[in-house]
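Residue numbers (our numbering): 106 to 178. Read the structure below first, then the notes.
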Amino acid sequence: MDGTLKYRMKGGKAYGNVRAKTGTVSGVSTLAGYLKADNGHEIAFVIMNQQVLDGKAARSFQDKLCELLCSFK
Numbered sequence: 106m107d108g109t110l111k112y113r114m115k116g117g118k119a120y121g122n123v124r125a126k127t128g129t130v131s132g133v134s135t136l137a138g139y140l141k142a143d144n145g146h147e148i149a150f151v152i153m154n155q156q157v158l159d160g161k162a163a164r165s166f167q168d169k170l171c172e173l174l175c176s177f178k
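Set out below in structure tokens:
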């Protein structure tokens, strides 16, 4: 784990199970990649938040969604 994700999703199922690339431009925050779910399946995903006023809130939403996806059984 390196890059920006190194500091995200700590303490949950997503930490270490998400391989993704972050991206931002004015008003947009994205996260795209692959994750490993509890059932052993690898899931490809893309999360794009548009009209973002608070980047921290967008990243928190992305992290929570990854936690949910990693919990699939």
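Virtual Cβ for every residue (Gly too), placed ideally from N, Cα, C.
Can you check whether the CB of V157 is closer than 9 Å to the CB of S176? No; because the gap between Cβ atoms is not below 9 Å, this pair is not in contact.
In the DSSP output, what is Q155 paired with across the bridge? Its beta-bridge partners are V133.
By a C-beta neighbour count over all protein chains shown, 10 Å radius and 16 as the cutoff for buried, is D159 buried or exposed? By the 10 Å Cβ count, D159 comes out exposed.
Between K178 and N144, is the Cβ-Cβ spacing less than 9 Å? Yes. Within cutoff.
Using CA coordinates, which residue listed in R164, H146, Q155 is at the minimum distance from V174? According to the sequence shown, residue 174 is Leu rather than Val. Per the Cα distances, H146.
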